[in-house]
Structures are given as C-alpha cells and as structure tokens.
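Here is the structure we will look at, set down as structure tokens.
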Amino acid sequence: NAGVMQNPRHLVRRRGQEARLRCSPMKGHSHVYWYRQLPEEGLKFMVYLQKENIIDESGMPKERFSAEFPKEGPSILRIQQVVRGDSAAYFCASSLAGASDTQYFGPGTRLTVL
Amino acid sequence: GQQLNQSPQSMFIQEGEDVSMNCTSSSIFNTWLWYKQEPGEGPVLLIALYKAGELTSNGRLTAQFGITRKDSFLNISASIPSDVGIYFCAGQYSNYQLIWGAGTKLIIKP
C-alpha cells in the first residue's frame with residue numbers, strides 16, 4: 009500500500025529554467041495539496057486540487073506558478089523562470105475526502121535554484 | 596494571516612528525559628494536529644485532536660487540545676534517540692487548510 013510518491017526528490021535548476029514537480033497520491037485518494045517549506049519554517053499551503061479541478065490556489069504566487077491534477081497521471085506543480093527565492097522543499101499531501109480529512113504527506117522535492 | 600506560535604524552538608535533552616512543547620494561536624481551531632518530520636522526509640502524523648479538552652496518547656506521546664481551542668501541547672515521555680526530529684503543530688478549521696507552527700527541533704545530548 010504505497011504512500012504519497014513525489015519525484016524527483018532533488019531538483020537543481022538555474023535561474024530562468026522551468027521546474028516540474030510530480031506527485032502521485034495514495035491509492036484511492038482524489039484530493040491533492042501542495043505546500044512549500046523554507047528552512048527552519050513550517051509548511052505553507054499553496055494549492056488544493058481535485059481531479060481536473062483547482063479548488064483553492066490562494067497560497068500560490070499568481071505569476072510563474074501553476075498546478076494541475078489531470079484525470080490520468082500525477083499532479084504537477086510547475087514553476088516557470090525559477091528564481092533563487094524559489095529554492096525550498098515542496099511537499100504534496102493527499103486525502104481520501106476533502107474538508108478536514110487527514111492529509112498524508114509525501115517525502116518532498118527539494119528544489120535548489122543556482 | 597493566522598499564525599501559530601510554537602515553543603520552544605529547539606530542545607537539547609538527555610535520553611530518558613520527558614519533553615514538552617506547545618502551540619498557541621490567536622484564532623480558534625476545530626482540529627489540532629501534531630506531526631514529526633525527519634531530515635529529508637515529509638511530515639508524519641503523530642496525533643490528531645478533534646475536541647476541546649481532548650487528551651490523546653500514542654505510545655509515549657500525549658497531546659491535549661486546549662479548552663479555549665487556541666492551544667495544544669505535546670508531551671513525550673522517556674525520550675529515546677529515535678525521537679530526534681522536528682515536531683510541528685498544525686491547526687485546522689473545518690476546511691482543508693492547515694496552519695503550521697515553525698517547529699520544535701528535538702536533539703538528544705550524547
């Protein structure tokens with residue numbers, strides 16, 4: 009019974025490149041959440057998606073960041089034209105139902121922008 | 596936005612000691628959650644609290660949901676080396692958004 013999978017675990021990009029982070033939720037889960045964590049800080053909510061729908065993207069920067077959760081395949085968090093300030097750990101969580109259902113976290117993708 | 600104040604920021608303890616950490620908020624929550632994060636990994640849920648005043652245990656861990664719904668504490672009894680890590684509290688309203696504390700780093704002195 010695999011948990012939440014994220015890949016890659018580590019990603020290095022130069023300024024101006026694109027970063028694509030993938031998240032496969034737990035089996036049977038159709039709710040996905042993305043969080044960002046800076047060093048020495050807690051996680052910050054970015055976006056909540058269900059299959060083919062963005063439910064809440066209030067925590068995601070308006071520019072350069074986008075997220076999707078297609079009918080088939082993993083959820084993707086995409087960062088265009090990365091800057092050094094995008095360097096962080098990005099975590100994906102999934103839940104069986106929405107609302108206050110328990111969220112299970114993946115191992116994260118550590119993005120480093122050179 | 597909402598903020599959680601988590602303290603202490605870090606703890607240096609001897610193996611076998613008891614540990615206590617807490618979170619306070621200016622807002623009330625319907626749920627309090629405690630997670631542990633180890634280096635290079637995602638947070639793992641330890642304890643979930645759903646009612647004001649609730650006291651819940653998970654092995655050597657005990658957590659309580661404050662009566663005012665604005666605070667929670669986590670105790671670890673008789674700490675062992677594998678307890679090392681960062682412990683996070685998170686508050687949740689009736690929706691999906693988790694509001695996180697900044698974490699308490701637990702270090703076991705050799």
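Chains as they are written, first to last, in the working numbering: chain A, 9 to 122; chain B, 596 to 705.
Just so you know, even glycine gets a beta-carbon here, dropped at the ideal spot from N, CA and C.
Name the DSSP bridge partner or partners of residue i?
i, result
"Asp109 of chain A", "None, per the DSSP bridge assignment."
"Arg92 of chain A", "In DSSP, Arg92 of chain A forms no bridge with anything."
"Glu76 of chain A", "A:Ile84"
"Lys704 of chain B", "B:Gln609"
"Glu30 of chain A", "Inspection of the sequence shows that residue 30 of chain A is occupied by Arg rather than by Glu. Paired residues: A:Asn15, A:Ile84."
"Leu51 of chain A", "A:Gln45"
"Gln604 of chain B", "None, per the DSSP bridge assignment."
"Ile62 of chain A", "A:Leu57"
Would you say residue i reaches chain A, if we count a Cβ-Cβ gap shorter than 8 Å as a contact?
i, result
"Gly686 of chain B", "no"
"Ala643 of chain B", "yes"
"Trp629 of chain B", "no"
"Pro638 of chain B", "yes"
"Phe668 of chain B", "no"
"Phe607 of chain B", "no"
In its own chain, which residues sit with a C-beta less than 6 Å from the C-beta of residue i, not counting the 5 before and 5 after it?
i, result
"Asp628 of chain B", "The question names Asp, yet the displayed sequence has Leu at residue 628 of chain B. Around Leu628 of chain B: Ala643, Ala685."
"Thr120 of chain A", "Val20, Ser95"
Apart from the five residues just before and just after residue i, which ones in its own chain have a Cβ nearer than 7 Å to its Cβ?
i, result
"Ser38 of chain A", "Gln58, Lys59"
"Lys79 of chain A", "Lys59, Glu60"
"Pro82 of chain A", "Arg30, Cys31, Ser32"
"Val91 of chain A", "Arg23, Val121"
Are the beta-carbon atoms of residue i and residue j separated by less than 8 Å?
i, j, result
"Leu650 of chain B", "Ile671 of chain B", "no"
"Gly696 of chain B", "Gln601 of chain B", "yes"
"Gln659 of chain B", "Ser108 of chain A", "no"
"Val12 of chain A", "Phe77 of chain A", "no"
"Lys665 of chain B", "Ser605 of chain B", "no"
"Pro72 of chain A", "Arg28 of chain A", "The identity of residue 72 of chain A in the sequence shown is Arg, whereas the question assumes Pro. Cβ distance not < 8 Å, so Arg72 of chain A and Arg28 of chain A don't count as in contact."
"Tyr98 of chain A", "Arg22 of chain A", "no"
"Val614 of chain B", "Ile608 of chain B", "yes"
"Thr626 of chain B", "Tyr645 of chain B", "yes"
"Thr117 of chain A", "Arg17 of chain A", "yes"
Using a Cβ-Cβ cutoff of less than 8 Å, which residues in the same chain neighbour residue i once the five nearest sequence positions on both sides are dropped?
i, result
"Pro544 of chain B", "No answer is possible for residue 544 of chain B: the residues shown for chain B start at 596 and end at 705."
"Gln598 of chain B", "Ser620, Ser621, Ile694"
"Pro707 of chain B", "What is shown of chain B runs 596 to 705, which leaves residue 707 of chain B out entirely."
Could you tell me whether any Cβ in chain B is nearer than 8 Å to the Cβ of residue i?
i, result
"Thr110 of chain A", "yes"
"Tyr41 of chain A", "yes"
"Pro33 of chain A", "no"
"Pro115 of chain A", "yes"
"Glu49 of chain A", "yes"
"Gly36 of chain A", "no"
Length-filtered (3 minimum) beta strand (DSSP E) runs lying within the segment 614-700 of chain B: Within the segment 614-700 of chain B, complete beta strand (DSSP E) segments of at least 3 residues are found at 614-620, 626-632, 639-644, 650-653, 656-660, 666-671, 680-687, 693-695, given in chain order.
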